[in-house]
Amino acid sequence: MLFLTTLLLFALSALAARYPSFGTLQTTTSSGVMNVVINNTFSSINLFDLHVQSDLANLIETLQAPDTDVRVVIFSSGNPDFFIGHIDVDYFLPGYESPLPAFDPGLPNVTFPVALLWNITQLPQATIAVIEGRTRGIGNEFLMSLDMRFATTAPSVLLAQLETSFGLNPGAGGALYLAPLIGRGRTFEYVLASKDIDAATAAEYGWINRAFPTHTALIDYVQTLAARIALFPAAGIAGTKRGINAVSRPPLDVIIRDAQDVIGVLAQTPETQAFTQKFVKATDNQSAVELELNYGEELVRLFQ
Amino acid sequence: MLFLTTLLLFALSALAARYPSFGTLQTTTSSGVMNVVINNTFSSINLFDLHVQSDLANLIETLQAPDTDVRVVIFSSGNPDFFIGHIDVDYFLPGYESPLPAFDPGLPNVTFPVALLWNITQLPQATIAVIEGRTRGIGNEFLMSLDMRFATTAPSVLLAQLETSFGLNPGAGGALYLAPLIGRGRTFEYVLASKDIDAATAAEYGWINRAFPTHTALIDYVQTLAARIALFPAAGIAGTKRGINAVSRPPLDVIIRDAQDVIGVLAQTPETQAFTQKFVKATDNQSAVELELNYGEELVRLFQ
Amino acid sequence: MLFLTTLLLFALSALAARYPSFGTLQTTTSSGVMNVVINNTFSSINLFDLHVQSDLANLIETLQAPDTDVRVVIFSSGNPDFFIGHIDVDYFLPGYESPLPAFDPGLPNVTFPVALLWNITQLPQATIAVIEGRTRGIGNEFLMSLDMRFATTAPSVLLAQLETSFGLNPGAGGALYLAPLIGRGRTFEYVLASKDIDAATAAEYGWINRAFPTHTALIDYVQTLAARIALFPAAGIAGTKRGINAVSRPPLDVIIRDAQDVIGVLAQTPETQAFTQKFVKATDNQSAVELELNYGEELVRLFQ
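Protein chains in written order, with the UniProt record's numbering: chain S, 1 to 304; chain A, 1 to 304; chain G, 1 to 304.
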C-alpha cells in the first residue's frame with residue numbers, strides 16, 4: 001500500500017503548539033488516516049516523560065480542530081523494545097521540574113498526565129495502538145485510552161500495571177479500564193501482582209483486541225481496518241464513540257478520586273519514596289537494562 | 001421431543017391487539033415454553049420493518065399479561081438467510097409513513113422501535129434467540145434485548161452493527177450492550193468498522209452464548225435449556241432477571257441520550273441521507289441481493 | 001516450600017471474638033500470607049451455615065485490625081467434595097434460630113450473610129480462593145466476594161447459582177457479580193437454569209481466573225502469586241483494591257434492592273416454602289447424598 005505523506009498538518013500544529021515541541025512523535029497522514037510513530041529520543045525505553053506528554057498534548061489539540069479530515073489515528077513505536085515506557089518516576093520524587101502545568105488548563109483538578117489520557121478518549125477519531133515492545137504502567141494506561149489495541153505475539157510484547165509493586169496504585173485509571181475488559185478477578189491478579197502479560201494471553205482475556213504472529217500480519221490488519229473506517233462519515237464515527245464511551249469508560253470523577261488522588265497520597269509514603277529511589281538507581285536512571293526489559297520477573301530482586 | 005401446539009393464547013392476543021396484526025410471527029406454546037418464528041412475508045430479508053415491529057409490540061403485551069403461564073420465549077426465523085433484517089431504512093427518509101406511533105405510549109420520549117427493544121428486556125420470561133442467518137443493525141439490537149443468544153456456525157450467520165457506515169450510530173443501544181459483553185476495544189473495532197462477525201468468533205468473544213456445529217445440536221441445546229427453566233417458579237425467573245438487568249443493561253436515559261437522540265440528529269445530515277438513498281437503490285429496495293447478503297464485504301463498493 | 005505457622009494471631013482473634021467461635025476455620029500465617037482452611041465439622045457438605053458465618057465474621061474483624069501484617073488471604077477447603085456449601089436453607093423456613101443478629105451491626109438494613117460478603121470485599125488484603133470441590137449458591141457468592149478464584153479441573157469442581165430452581169434469586173448479589181465477569185447472556189443462561197459449570201468452562205468464560213490440571217499445579221501457582229503480592233507495601237494493595245472495587249463491584253444499594261430484598265419476598269411464597277421443605281427431606285437434611293453432590297443434574301427429579 002502506498003502512503004502519501006502530508007507534512008502540512010504537522011507543520012501547522014508545530015506553529016500553533018501550546019506546549020513545547022520535542023519531536024518525539026512523527027506523523028504522516030493519508031486518506032484520513034494519521035500514522036503516529038512514538039520515538040522518545042531522550043530515553044532508551046521510550047519513557048512516557050515530559051517530552052512525550054508535551055508532544056501528545058499538542059497532537060491532541062491538532063486532532064480536536066473542527067476542520068481536520070483525520071478520521072483514524074494509528075500509534076506505533078520507533079523503539080523495537082518499548083512500544084512506550086512507564087512514567088518518568090522522577091515525577092514522584094522531590095525536585096521534579098517540568099515546563100508542563102501540574103494540572104490541565106481545561107480540566108480543573110485533573111493532573112496533566114491524567115487529563116492527557118482522558119482527552120485522548122474524547123477525540124472524535126478512531127484511535128488504534130499497534131503494539132510491538134513492552135508497555136507498562138502509564139504506558140498501558142495510554143493503551144487503555146485508545147479505542148483499539150493490536151499486537152504481535154513477539155516475546156518483547158509485555159503489558160503490565162506495575163504500580164502496586166511500588167506501593168502505588170495505577171493512578172491514571174489503568175485498573176479501572178482493565179476491570180470491564182478482562183474481569184474483576186484477572187484485574188486483581190495482574191495488577192496486585194504487578195505481573196507482565198504476554199500478547200497471546202492478553203488477546204485471550206480481552207486486554208487487547210487481537211494478537212498476530214508476525215509484524216506483517218499485524219500491520220496489514222490494522223491498515224486495512226483503518227482505511228475502512230476512514231471511508232465513513234466523521235460524524236458517525238464521533239457519534240458512535242460517544243455512546244461507547246458513555247458505558248465503557250470509568251467516569252472522570254472516579255478516576256480522579258480512586259486513582260489520581262489515591263496515588264498522590266501513596267507516592268508520598270516513605271516506603272514508596274525509598275523504593276522509587278532504589279528503582280532509579282537499579283535501572284541506571286530508567287534505561288534499557290535487564291530490570292527494565294524484564295521488570296515482571298526481575299522486580300523480586302528489589303525486595304531482597 | 002413432542003410439542004403440543006397451543007393456539008388459544010395466540011388467538012386471544014390477536015383479539016386484544018393494540019396495534020395492527022400482520023402475521024409475521026408464528027407462535028406455539030407448550031409446557032410454559034413459547035416458540036416464536038419470525039417470518040416477515042413482506043420482505044425477502046426479514047426486514048425489521050413496521051410489520052414486524054407492530055406484531056412484536058402485540059406479542060409483548062400478551063407476554064406481560066399477569067395470568068400468562070409462559071416462562072420462556074424462544075425466537076427463531078422462518079427465513080434461512082436472515083434471522084432478522086436491519087431496520088427499514090425508509091424510516092430515516094422523508095415521506096416515511098407507518099400506522100405505528102412515533103413514540104411509545106408507555107415510555108414518553110422513547111421512539112417506538114427503541115421502546116420495543118427496551119420492553120423486551122423487561123419481560124418476566126426468559127428470552128432466547130436461536131440464530132440462523134444474518135442479523136445486522138437493529139436486528140442485532142433485537143438480539144441484545146433478549147436474555148440469551150445461541151447460533152450455528154453456518155457461514156450464513158453474520159452479526160453486525162452497520163450504522164457507522166451510514167454515518168449513523170447504533171441508535172437503539174446496540175453498542176451500549178456490546179461493550180460489557182465483548183469489551184470496549186472489540187466494540188470499537190466491530191461497530192466503528194461496521195464489520196460482520198461470524199458465530200464462532202462471536203461465541204469466543206461473548207457476543208453470543210455459544211455456537212453449535214449443526215442445526216440439530218443448536219435446537220436440542222436450546223429446547224432442553226428452555227424446558228429446564230420452565231420447570232421453575234415464574235417469580236424466581238422474574239426476580240433473577242430484575243437483578244441481572246439492574247447491573248448489565250445500559251440505563252434507559254443513556255440509551256435515549258447517547259444512542260436514540262444521537263442517531264436522530266445524524267440521520268438528517270446530507271451525507272447520511274445521500275448514502276441511504278444510494279443503499280436503497282443498490283439493494284433493489286432492501287431485497288436479498290448480494291449487497292444485503294454480504295454487506296460486511298460489499299459495503300466498500302458503495303464508497304467507490 | 002516451608003511455611004512457619006504463626007498461631008499468635010489466631011489466638012488473639014479467638015480472645016477478642018465478637019461472635020461465637022465454632023472452629024470451622026483453621027488459619028496459619030507466614031510472611032504476610034494467611035492460609036484459611038474451611039472445614040465445617042457440623043456438616044458433611046461444608047454448609048455455609050451459622051457456624052461458618054460466625055467464624056468468618058470473627059476472621060474479618062481480625063483482618064481489619066490496623067496493625068495486622070497480613071497482606072494476602074488464601075481460602076481453601078478441608079472437605080474434598082465441597083469447597084464450601086450453599087446456605088443452610090433452614091434460614092428460609094419458619095423456626096430458624098441463630099445466635100447471630102439478623103442484620104449486620106455496622107451496615108444497617110443489610111442482613112448478616114449479605115453484609116459478611118460485602119465486608120470481605122472491603123478487606124485491605126488481597127483475597128484468593130483455591131477451589132477444590134462443589135461451590136453453589138451463597139458458596140459461589142462467597143467466591144464472588146473474593147478478589148481472585150483458581151481451581152483444578154477435577155470433576156468435583158462444580159459452581160452454580162441454584163436459587164432460581166427454588167423460586168428464588170441469588171440474594172447476596174451472585175448474579176450481579178457474574179454479569180460483568182461472564183457477560184449478561186451467559187449469566188442469564190447459568191443462573192436462570194441453575195446450571196453447574198465446570199472449572200475449564202468457568203476459566204474460559206472468566207467466572208474464575210484460571211483452572212489447573214492438578215492439585216499441585218494449583219497450589220504452586222497460588223502460593224507463588226500470594227508470596228509475590230505479599231512483598232509489596234500494604235498501602236498499595238489496599239489503594240489498588242479500592243479503585244478496582246469502585247468500578248467492578250455492584251453498588252451496595254443495588255445488592256440490597258435487587259438481590260437481598262427480592263429474595264426476602266420470594267422466600268415467603270408458598271411455592272418456595274414447599275420446594276425448600278422437599279429439598280431438605282430429599283437431601284437427608286443437606287448431607288452429602290447424590291442430590292447434593294450432583295444437584296445440577298439431579299434437580300429435575302424434584303419437579304417430577
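Ideal Cβ positions, reconstructed from N, Cα and C, are used throughout, including at glycine. Every value quoted in this text rests on a predicted model; they were computed, and no experiment measured them.
In the assembly as shown, residue 303 of chain S is an exposed residue. Its beta-carbon has fewer than 16 other beta-carbons within 10 Å.
Apart from the 5 residues on each side of it in sequence, residue 170 of chain S sits with its Cβ closer than 6 Å to the Cβ of 161 and 163 in its chain, given in chain order. Listed along chain G is no residue with a C-beta nearer than 8 Å to that of residue 73 of chain A; the closest approach is about 12 Å. In the structure shown, the three-state DSSP call for residue 277 of chain S is helix. Between residue 126 of chain S and chain A, the shortest Cβ-Cβ separation is below 8 Å.
Residue 165 of chain A reaches chain S at 232, counting residues in chain order whose Cβ is nearer than 7 Å. With the rule of 3 Cβ pairs closer than 8 Å, the stretch 278-294 of chain A counts as touching the stretch 34-49 of chain A. Under the three-state reduction of DSSP, residue 42 of chain G is assigned to coil, being neither helix nor strand. The continuous alpha helix (DSSP H) containing residue 116 of chain S extends over residues 112-121.
In this structure, the beta-carbon distance from residue 71 of chain G to residue 151 of chain G does not fall below 8 Å. Look at the stretch 233-244 of chain S: the residues with a C-beta under 7 Å from a C-beta of chain A are 233, 235, 236, 237, 239, 240, 242, 243 and 244. Close to chain G, meaning a Cβ-Cβ distance shorter than 9 Å, are the following residues of the stretch 272-299 of chain S: 272, 275 and 299. The alpha-carbon separation between residue 74 of chain G and residue 177 of chain A amounts to approximately 35 Å.
Here residue 208 of chain S carries a coil assignment [DSSP, helix/strand/coil].
Flagged as an interface residue toward chain G: residue 259 of chain S, by a C-beta distance shorter than 8 Å. Around the Cβ of residue 272 of chain S, a 10 Å sphere holds 16 or more other Cβ atoms; the residue is buried. Closer than 7 Å at the C-beta level to chain S, one finds these residues of the stretch 181-192 of chain G: 181.
Collapsing the DSSP output to three states places residue 64 of chain G in a helix. Beta-bridge analysis with DSSP links residue 25 of chain A to A:38. Shown here for residue 182 of chain A: same chain residues with a beta carbon closer than 8 Å to its own, the five before and five after excluded, namely 190, 205, 206 and 207 in chain order. Judged by DSSP in its simplified three-state form, residue 33 of chain S adopts strand. Put simply, the CB of residue 67 of chain G is far from chain S, with every gap to its CB atoms at 8 Å or more. Against chain G, the beta carbon of residue 115 of chain S has no neighbour under 9 Å; the closest one sits roughly 18 Å away. A residue is called buried once 16 or more other Cβ atoms fall within 10 Å of its Cβ, and residue 32 of chain S is buried on that count. By the Cβ-count criterion, residue 66 of chain G is exposed, with fewer than 16 other Cβ atoms from all chains shown falling within 10 Å of its own Cβ. Given a length threshold of 4 residues, each whole run of the alpha helix (DSSP H) inside the stretch 152-190 of chain G is given here in chain order: 174-182. Note on geometry: alpha-carbon atoms of residue 57 of chain A and residue 19 of chain A lie some 7 Å from one another.
Annotated three-state conformation of residue 142 of chain G is helix, per DSSP.
Beta-bridge annotation (DSSP): residue 135 of chain G is paired with G:84 and G:159. Residue 73 of chain G: member of the beta strand (DSSP E) spanning 72-77, first to last residue.
Inclusion of residue 49 of chain A and residue 39 of chain A in the CB contact set at 8 Å is not warranted, their separation being larger than that value. By the rule that beta-carbons nearer than 8 Å mark a contact, residue 247 of chain A does not touch chain S. Taking the C-beta atoms as reference points, residue 197 of chain A is found no nearer than 8 Å to residue 168 of chain A.
Along the stretch 229-276 of chain S, the beta strand (DSSP E) does not occur as any fully enclosed run of 3 or more residues. Assignment of beta-bridge partners to residue 198 of chain A by DSSP yields A:158. Against residue 209 of chain S, the close residues of chain A are 185, 186 and 189, in the order they occur along the chain (beta-carbon pairs closer than 7 Å).
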